[in-house]
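Peer 1: Below you will find the structure I want to go over with you.
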Ligand SMILES: *Cc1c(COP(=O)(O)O)cnc(C)c1O
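Quick look at the structure:
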């Protein structure tokens, strides 16, 4: 299943596992970034359009969540996110298909934001992961320096609830 999910999102030899939902996958992505970070007070920088599971993750894992206003088009604003990120940023978070409006953040630009502060980069494609391969948007592992991604088989993959997926570029 992980190999198949990797194929869908442009990741050769993927690491990861089938989770008990997108919420768990987002929690694990934040946990991995927090544990790999050397920051004393790690923070996560995300657009305000991020799914509410991210607030649960930040709360459970005791990391500072910096929600950044989206631009006028409702997408993450990379410049504003860059201003919110600093040396304590463990993770930059992007959304590839918001649940309510299907909005896809500028993923390569957000990967650059993460790279500029040495943070990891996570893409939440819980909802969009099975739709976006059929569009010309830039959102998958092949387009940008993405470390981890959430893709939910139970959303558009027609699998049983609560099957979620977490993919990672490296172990
Ligand atoms: C549904 C969803 C989640 C959470 O997934 P669950 O399987 O409900 O836990 C996270 N992010 C996005 C974008 C979603 O659509």
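Numbering (the numbering used here), first residue to last: 123 to 293. A virtual CB, placed ideally from N, CA and C, is assigned to each residue, including glycine.
Whole beta strand (DSSP E) runs in the stretch 162–240 with 3 or more residues, listed along the chain?
Peer 2: 165–169, 186–190 and 211–217
Peer 1: Does the beta-carbon of residue 272 have 16 or more other beta-carbons within 10 angstroms, so that it is buried, or is it exposed?
Peer 2: buried
Peer 1: Determine whether the beta carbon atoms of residue 204 and residue 170 lie at a separation below 8 Å.
Peer 2: Contact flag unset, no.
Peer 1: Checking 8 Å against the spacing of the C-beta atoms, do residue 142 and residue 255 come in under that value?
Peer 2: no
Peer 1: Leaving out five residues on either side along the sequence, give the residues of the same chain with a beta carbon under 6 Å from the beta carbon of residue 268.
Peer 2: 243 and 245
Peer 1: Give a yes or no on contact between the stretch 132–149 and the stretch 157–169, applying the rule of three or more CB pairs nearer than 8 Å.
Peer 2: no
Peer 1: If we ignore side chains and look at the alpha-carbon of each, how far apart do residue 225 and residue 253 end up?
Peer 2: 12 Å
Peer 1: Going along the chain, which residues of its own chain have a beta-carbon closer than 6 Å to the beta-carbon of residue 196, five neighbours each way excluded?
Peer 2: 225
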